[in-house]
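Chemist: Please find one structure pasted underneath; my questions will follow.
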Amino acid sequence: MKGPLFYSKILLFGEYGIIKDSKGLSIPYNFFKGALKRDKNDSKMAQDSNKSLKAYAEYLKVLEIKEEGLVSFDIEALEKDVANGMYFDSSIPQGYGIGSSGALVAAIYDRYATDKITVLENLTREKLLQLKQIFGKMESFFHGKSSGLDPLNSYLSLPILINSKDNIESTSIPSQNTEGKGAVFLLDSGMTGETAPMVQLFMENMKQEGFRNMIKDQFIKHTDACVEDFLNGNVKSLFGNLKQLSHVVFDHFKPMIPSKFHQLWQKGIETNDYYLKLCGSGGGGYILGFTQDLEKAKKALEGHTLEVVYNF
Numbered sequence: 001m002k003g004p005l006f007y008s009k010i011l012l013f014g015e016y017g018i019i020k021d022s023k024g025l026s027i028p029y030n031f032f033k034g035a036l037k038r039d040k041n042d043s044k045m046a047q048d049s050n051k052s053l054k055a056y057a058e059y060l061k062v063l064e065i066k067e068e069g070l071v072s073f074d075i076e077a078l079e080k081d082v083a084n085g086m087y088f089d090s091s092i093p094q095g096y097g098i099g100s101s102g103a104l105v106a107a108i109y110d111r112y113a114t115d116k117i118t119v120l121e122n123l124t125r126e127k128l129l130q131l132k133q134i135f136g137k138m139e140s141f142f143h144g145k146s147s148g149l150d151p152l153n154s155y156l157s158l159p160i161l162i163n164s165k166d167n168i169e170s171t172s173i174p175s176q177n178t179e180g181k182g183a184v185f186l187l188d189s190g191m192t193g194e195t196a197p198m199v200q201l202f203m204e205n206m207k208q209e210g211f212r213n214m215i216k217d218q219f220i221k222h223t224d225a226c227v228e229d230f231l232n233g234n235v236k237s238l239f240g241n242l243k244q245l246s247h248v249v250f251d252h253f254k255p256m257i258p259s260k261f262h263q264l265w266q267k268g269i270e271t272n273d274y275y276l277k278l279c280g281s282g283g284g285g286y287i288l289g290f291t292q293d294l295e296k297a298k299k300a301l302e303g304h305t306l307e308v309v310y311n312f
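The opening position of the sequence shown corresponds to residue 1 in the UniProt record's numbering, with each subsequent residue numbered one higher.
The structure is reproduced here in structure tokens:
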């Protein structure tokens with residue numbers, strides 16, 4: 001048994017903002033992927049995954065009862081497969097902000113949900129929201145509170161535009177210009193980040209009026225503009241807004257940026273060689289970078305590996 005592949009995702013824009021109704025744009029990232037497997041595997045990874053799936057099956061059993069009518073699973077089949085050693089074989093690094101638990105949730109829903117909404121049917125806004133709600137409840141086992149967006153992206157394998165909490169749609173993004181000099185890239189911080197404490201910190205900060213105003217007047221404003229620019233291919237305007245966004249994050253989200261990257265973050269804003277932003281909740285994992293000249297950015301970030309995600 002080897003299930004279909006589910007991919008990692010990158011939230012290009014909208015981290016933290018989507019909690020407060022900013023726009024967001026999430027794209028599948030096919031470089032990393034995972035699948036459910038039941039072959040004989042004695043590795044520690046497979047054993048740890050199997051143990052985690054056992055606990056997850058218990059969680060889903062309770063979820064079915066608690067959220068009656070929302071989602072139901074063939075728990076018997078799931079428990080049987082777990083007892084036979086099933087594990088999630090994944091190359092998606094955990095704690096890196098690219099949706100490792102999202103891919104697992106999508107794989108479990110795909111295989112064990114009994115009355116599932118499939119990718120092949122006409123995905124109305126209602127169905128997308130229903131899926132997002134189901135996935136949010138399923139993924140909160142891993143994060144404490146989840147928007148459900150990561151599993152949704154992984155499940156559909158389509159770019160998703162978030163207009164607001166209750167308004168999401170699948171979208172298309174401008175096709176890549178493989179000859180172009182500009183790029184979106186991932187920068188490895190070399191450490192993992194924990195989602196829950198970062199989100200908690202953000203929620204604490206939201207209790208302060210000054211922080212709330214900054215989110216509304218600056219962070220959401222620039223995030224929304226970046227989403228519009230990216231989707232419409234307005235590269236010049238996009239980089240103007242990215243610079244502002246990178247600045248706002250540097251000034252107000254310092255704890256979410258690994259300290260050894262503070263200097264590099266600032267250097268990007270000062271030189272305009274590249275701009276950095278959070279990838280997911282921050283605290284570690286990947287950092288997202290945007291540049292109009294990839295060669296220049298590589299020179300400026302010497303000693304760091306840049307993984308290109310998209311070319312302008």
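Each residue gets a CB set at the ideal place from its N, CA and C atoms; glycine is no exception.
For P255, does the three-state DSSP call read helix, strand or coil?
Modeler: Taking the first residue of the sequence shown as 1, we reach residue 255 at position 255. Assignment of P255 by DSSP, reduced to helix, strand and coil, places it in the helix class.
Chemist: Counting only runs of 4+ residues fully inside the region 168–224, write out the alpha helix (DSSP H) ranges in chain order.
Modeler: 195–205, 209–214
Chemist: Counting pairs of beta carbons, one from the region 87–102 and one from the region 135–151, are three or more of them closer than 8 angstroms?
Modeler: yes
Chemist: Using 8 angstroms as the cut-off, can you tell me whether the region 167–186 makes contact with the region 240–247, which would need three or more C-beta pairs spanning the two stretches below that distance?
Modeler: no
Chemist: Taking the alpha helix (DSSP H) that G136 falls in, what are its first and last residues?
Modeler: Translated into positions along the sequence shown, residue 136 becomes position 136. Per DSSP, G136 belongs to the alpha helix (DSSP H) from 125–143.
Chemist: What is the rounded straight-line gap between the Cα of S146 and the Cα of Y7?
Modeler: In the sequence shown, counting from the first residue as 1, residue 146 sits at position 146. In the sequence shown, counting from the first residue as 1, residue 7 sits at position 7. One C-alpha to the other measures close to 18 angstroms.
Chemist: Does the Cβ of G280 have 16 or more other Cβ atoms within 10 Å, making it buried, or fewer, making it exposed?
Modeler: For the purposes of this step, residue 280 is taken as residue 280 along the sequence shown, with counting starting at 1. By the 10 Å Cβ count, G280 comes out buried.
Chemist: Tell me whether the region 83–99 and the region 24–42 touch, counting them as touching only if at least three CB pairs, one residue from each stretch, are closer than 8 angstroms.
Modeler: yes
Chemist: Using the Cα positions of I18 and I162, report the straight-line distance between them to the nearest angstrom.
Modeler: Within the sequence shown, residue 18 is the residue found at index 18, counting from 1. Within the sequence shown, residue 162 is the residue found at index 162, counting from 1. Near 8 angstroms, if we compare the C-alpha coordinates of I162 and I18.
Chemist: Counting Cβ pairs closer than 8 angstroms, one from the region 41–54 and one from the region 73–93, do we hit at least three?
Modeler: yes
Chemist: So that I know if they touch, is there some Cβ in chain D lying closer than 8 angstroms to that of N50?
Modeler: Absent from the structure: chain D. Only one protein chain is present.
Chemist: Could you name the residues of the same chain whose beta carbon sits closer than 7 angstroms to that of T178, not counting the 5 residues immediately before and after it, in chain order?
Modeler: Start at 1 with the first residue of the sequence shown, and residue 178 comes out as number 178. The residues are N311.
Chemist: With a CB to CB cut of under 8 angstroms and the five nearest residues on each side skipped, what residues in its chain are close to L120?
Modeler: Translated into the one-based positions of the sequence shown, residue 120 becomes position 120. Result list for L120: empty, nothing under 8 angstroms.
Chemist: For D48, which of helix, strand or coil comes out of DSSP?
Modeler: Here residue 48 refers to the residue found at position 48 when the sequence shown is read from its first residue. DSSP places D48 in helix when its eight states are reduced to three.
Chemist: Which residues in the same chain have their Cβ closer than 6 angstroms to the Cβ of Y274, if we skip the five residues on either side of it in sequence?
Modeler: Here residue 274 refers to the residue found at position 274 of the sequence shown. G268, G289, T291, A297.
Chemist: Across which residues does DSSP place residue 321 in a beta bridge pair?
Modeler: Only positions 1 to 312 of the chain appear in the structure, and residue 321 is not among them; the question remains open.
Chemist: To the nearest angstrom, how far is it from the Cα of F141 to the Cα of Y59?
Modeler: Working through the sequence shown from its first residue, we reach residue 141 at position 141. Working through the sequence shown from its first residue, we reach residue 59 at position 59. In a straight line, the C-alpha of F141 is about 7 angstroms away from that of Y59.
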